[in-house]
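Asks: In order, the protein sequences belong to chains V and Y.
Here the first sequence is numbered in the working numbering, starting from 1021 and rising by one per residue.
Here the second sequence is numbered in the working numbering, starting from 1021 and rising by one per residue.
For every residue, glycine included, the Cβ atom is placed at its ideal position computed from N, Cα and C.
All figures in this text were calculated on a predicted structure; none of them were measured in a lab.
Take this structure first; my questions come after.
There are 2 protein chains.
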Amino acid sequence: MKKFNIYLQNKFDFSENEIQRIMDCFSVKTFKKKEFFLKEGQYCRNVGFIKKGSFLYYQIVEGEEKVCDFAFENDWITHYKSLLSNTPSEMNIRSFQDSEILLMDMSKMESLSQKLPKVNSIRTTMAEEYFTKSAQRATNLTLLNAKGRYMALLKDIPDIHQKVPQYHIASFLGIKPQSLSRIRAEK
Amino acid sequence: MKKFNIYLQNKFDFSENEIQRIMDCFSVKTFKKKEFFLKEGQYCRNVGFIKKGSFLYYQIVEGEEKVCDFAFENDWITHYKSLLSNTPSEMNIRSFQDSEILLMDMSKMESLSQKLPKVNSIRTTMAEEYFTKSAQRATNLTLLNAKGRYMALLKDIPDIHQKVPQYHIASFLGIKPQSLSRIRAEK
DNA sequence: ATTTTTCATTCACCTATGTGAATAAATATA
DNA sequence: TATATTTATTCACATAGGTGAATGAAAAAT
């Protein structure tokens, strides 16, 4: 449990006691490789924090998995839109390694916010991070070509190749695996 | 002032009295054609509601205006990321017709939320709308080609050609004006 | 009303990325 | 270890969209 409380302490400056109260609301859940955190059509009611492992956000379009996002250790994991607007998810979220997360029900988070208003800053930060990430992705797709997007990704996550198989990286970049091979060859 | 209170009533079910208290916090601001709501580098501290006119969100990249969004009558107008995270905007927001908006300072909105907690639902809805829009844009850019994105836009805003010059539409779609002409010709 | 400027269209040609096949390399399974 | 499966690379060719120029139409300025 070490990393989560360090994150809470560093990022939000919670006290020992507050951290304990927050952590008490989370339970541990483990995932085998390729297990679903959320399936298309389901309602997302949880917020998770990844202790170990990694997850893929993707949609199936014409039989193909289109990767929209990755999540790794010390990232939050949830489907923010579904959570926020209480609508079914059009996205799948699946582990691609054996993983372990801390999980909290959103309703629990809401009641915790009432007792401990500082918890709202977690929620605001989450909103900010999700929104910023999605806006940045749209910007990259508009302003950069495939090579530029690959470079930006490498800069953002230098060890991405250690973490994610290459065909998932290609999909995330919006290109085919062959094209990513070509880009890497000419680099 | 008619439309804004209808919006508040329909969407959030506020009472007459609540609507009055909310509206009292907004002031009217007018914009001539091509006036800035927000310039790159500035901090966005306001939330606006467009009564009349239309606005363009864009960035300058290598001398070119890259359109990221439009906003029309009865849309909210703000730079959500800058507002949320209190960071300078990398975006420009500019009217492209004579326009009129209702404007509220964010700090006023925060103190209003405390007195009238229901106001938080406006903020949540705004977050939801902004996030959803940005996520949808990223999805469209990933999953659709230029023609598909144009069709999706036409479906979403059928009268877009009455509202926005074509070269701005092309820019929003992430293509050149010539390419949009070609797509329209072959359609 | 005339002139100037901006915008939309078309064209010929160019470049980035997609497609499908062949092969090699890596990984999982028996 | 041997075999099967999955993943990455390379190639030849196809297609979508970019580029720059020419032209006409529309809008703005005089």
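Put Ile1195(V) into one of helix, strand or coil per three-state DSSP.
Replies: For the purposes of this step, residue 1195(V) is taken as residue 175 along the first sequence, with counting starting at 1. In the structure shown, Ile1195(V) sits in coil (DSSP, three-state: anything other than H, G, I, E or B).
Asks: How would you label Lys1175(Y), buried or exposed, when you count the other beta carbons within 10 angstroms and need 16 or more for buried?
Replies: Start at 1 with the first residue of the second sequence, and residue 1175(Y) comes out as number 155. Exposed, because fewer than 16 other Cβ atoms sit within 10 Å of the Cβ of Lys1175(Y).
Asks: Assuming Thr1098(Y) and Gly1068(Y) form a contact by the criterion Cβ under 8 Å, report the distance between their Cβ atoms to the nearest whole angstrom.
Replies: Residue numbering aside, residue 1098(Y) sits at position 78 when the second sequence is read from its first letter. Residue numbering aside, residue 1068(Y) sits at position 48 when the second sequence is read from its first letter. Going by Cβ atoms, the distance from Thr1098(Y) to Gly1068(Y) rounds to 6 Å, so yes, they are a contact pair.
Asks: For Thr1050(V), decide whether its Cβ has a neighbour in chain Y, counting only Cβ atoms nearer than 8 Å.
Replies: Indexing the first sequence from 1 puts residue 1050(V) at position 30. Output row for Thr1050(V): interface = no.
Asks: Determine the chain Y residues that contact Tyr1077(V) at a beta-carbon separation under 9 Å, and present them in chain order.
Replies: In the first sequence, counting from the first residue as 1, residue 1077(V) sits at position 57. Result: empty, since nearest Cβ-Cβ is about 11 Å, beyond 9 Å.
Asks: Helix, strand or coil, according to DSSP, for Phe1051(V) in the structure here?
Replies: Looking up residue 1051(V) in the first sequence gives position 31. Reduced to three states, the DSSP call for Phe1051(V) is strand.
Asks: How many whole angstroms separate the CB atoms of Ser1102(V) and Tyr1063(V), which I take to be in contact at a CB cut-off of 8 Å?
Replies: For this step, residue 1102(V) is matched to residue 82 along the first sequence. For this step, residue 1063(V) is matched to residue 43 along the first sequence. Rounded, the Cβ-Cβ distance is 6 Å, consistent with contact.
Asks: Mind checking whether Met1146(Y) and Phe1046(Y) have CB atoms under 8 Å apart?
Replies: Taking the first residue of the second sequence as position 1, residue 1146(Y) is located at position 126. Taking the first residue of the second sequence as position 1, residue 1046(Y) is located at position 26. The answer is no: Cβ separation not under 8 Å.
Asks: How long is the line joining the alpha carbons of Glu1060(V) and Thr1107(V), rounded to whole angstroms?
Replies: Against the first sequence, residue 1060(V) aligns to sequence position 40. Against the first sequence, residue 1107(V) aligns to sequence position 87. Cα-Cα distance, rounded: 11 Å.
Asks: Of the choices Ile1026(Y), Lys1071(Y) and Phe1090(Y), whose alpha-carbon is the least far from that of Ser1119(Y)?
Replies: Position 99 of the second sequence, counting from 1, holds the residue named residue 1119(Y). Here the closest residue by C-alpha is Lys1071(Y).
Asks: Under three-state DSSP, which class holds Asp1089(Y)?
Replies: In the second sequence, counting from the first residue as 1, residue 1089(Y) sits at position 69. It is a strand residue.
Asks: Would you call the segment 1147 to 1165 of chain V and the segment 1146 to 1158 of chain Y touching, i.e. three or more CB-CB distances under 8 Å?
Replies: Taking 8 Å as the limit for Cβ pairs, the verdict is that the segment 1146 to 1158 of chain Y does touch the segment 1147 to 1165 of chain V.
Asks: Hey, Tyr1077(Y) and Ile1026(Y) are a contact pair by Cβ (cut 8 Å); roughly how many whole angstroms apart?
Replies: Translated into positions along the second sequence, residue 1077(Y) becomes position 57. Translated into positions along the second sequence, residue 1026(Y) becomes position 6. With a Cβ gap of about 25 Å, Tyr1077(Y) and Ile1026(Y) do not count as contacting.
Asks: Check each candidate in Met1111(V), Asp1095(V) and Phe1032(V) and name the one with the smallest Cα separation from Cys1088(V).
Replies: Translated into the one-based positions of the first sequence, residue 1088(V) becomes position 68. The residue with the shortest Cα to Cα distance from Cys1088(V) is Met1111(V).
Asks: Is it buried or exposed for Ala1091(Y), if we count other Cβ within 10 angstroms and need 16 for buried?
Replies: If you number the second sequence from 1, residue 1091(Y) lands on position 71. Flag for Ala1091(Y) reads buried.
Asks: Return the bridge partner residues of Val1067(V) from the DSSP annotation.
Replies: In the first sequence, the residue the question calls residue 1067(V) occupies position 47. Answer by DSSP bridge pairing, in chain order: Met1124(V).
Asks: Whose Cβ in chain V lies nearer than 9 Å to the Cβ of Lys1086(Y)?
Replies: For the purposes of this step, residue 1086(Y) is taken as residue 66 along the second sequence, with counting starting at 1. Those are Thr1159, Thr1162 and Leu1163, listed as they occur along chain V.
Asks: Going by C-alpha distance, which of Asp1095(Y), Ser1115(Y), Thr1050(Y) and Arg1065(Y) is nearest Phe1075(Y)?
Replies: Here residue 1075(Y) is taken as the residue at index 55 of the second sequence, counted from 1. It is Ser1115(Y).
Asks: Exposed or buried, Ile1080(V), counting other C-beta atoms within 10 Å across all chains shown (16 or more means buried)?
Replies: Position 60 of the first sequence, counting from 1, holds the residue named residue 1080(V). By the 10 Å Cβ count, Ile1080(V) comes out exposed.
Asks: Taking C-beta pairs closer than 8 Å, name the residues in chain Y that Ser1105(V) reaches, listed in chain order.
Replies: Position 85 of the first sequence, counted from the start, is the residue given in the question as residue 1105(V). What Ser1105(V) touches in chain Y: Glu1148 and Thr1152.
Asks: Any beta carbon of chain Y sitting closer than 8 Å to that of Tyr1100(V)?
Replies: As a first step, residue 1100(V) must be located in the first sequence, where it is residue number 80. With 8 Å as the cut-off, Tyr1100(V) counts as an interface residue toward chain Y.
Asks: Report, in whole angstroms, the separation of the C-beta atoms of Arg1041(Y) and Leu1136(Y), which I expect to be a contact under 8 Å.
Replies: Locating residue 1041(Y) in the second sequence gives position 21, counting from the first residue. Locating residue 1136(Y) in the second sequence gives position 116, counting from the first residue. About 6 Å separates the two Cβ atoms, so the contact holds.
Asks: What are the start and end residues of each continuous alpha helix (DSSP H) run of 4 or more residues lying completely inside the segment 1140 to 1199 of chain Y, in chain order?
Replies: DSSP runs (the alpha helix (DSSP H)) wholly in the segment 1140 to 1199 of chain Y: 1140 to 1163, 1166 to 1176, 1180 to 1183 and 1186 to 1193.
Asks: Residues in the same chain with beta-carbon distance under 7 Å from Val1048(Y), minus the five sequence neighbours each way, listed in chain order, please.
Replies: Here residue 1048(Y) refers to the residue found at position 28 of the second sequence. For Val1048(Y), where only same-chain residues beyond five positions count, the Cβ hits under 7 Å are Glu1120 and Leu1122.
Asks: Below 7 Å on C-beta distance, what does Ala1155(Y) contact in chain V?
Replies: Position 135 of the second sequence, counting from 1, holds the residue named residue 1155(Y). Per Cβ cutoff of 7 Å: Lys1101 and Ser1154.
Asks: Name the chain V residues that come within less than 9 Å of Gly1194(Y), Cβ to Cβ?
Replies: Taking the second sequence and counting its residues from 1, one reaches residue 1194(Y) at position 174. In chain order: Leu1161, Thr1162 and Leu1163.
Asks: What does DSSP give as the partner residue(s) for Ile1097(V) in the beta ladder?
Replies: For this step, residue 1097(V) is matched to residue 77 along the first sequence. For Ile1097(V), which the question treats as bridged, DSSP gives the partners Gly1068(V).
Asks: At what residues does the alpha helix (DSSP H) containing Asn1037(V) begin and finish?
Replies: Along the first sequence, read from residue 1 onward, the residue named residue 1037(V) stands at position 17. Glu1036 to Asp1044 is the span of the alpha helix (DSSP H), which, as asked, contains Asn1037(V).
Asks: What number of angstroms, rounded off, separates the C-alpha of Asn1037(V) from the C-alpha of Glu1206(V)?
Replies: For the purposes of this step, residue 1037(V) is taken as the residue at position 17 of the first sequence. For the purposes of this step, residue 1206(V) is taken as the residue at position 186 of the first sequence. Cα to Cα, the separation comes out at about 54 Å.
Asks: If you draw a straight line from the C-alpha of Lys1167(V) to the C-alpha of Trp1096(Y), how long is it?
Replies: Mapped onto the first sequence, residue 1167(V) falls at position 147. Mapped onto the second sequence, residue 1096(Y) falls at position 76. So the alpha carbons of these two residues sit roughly 35 Å apart.
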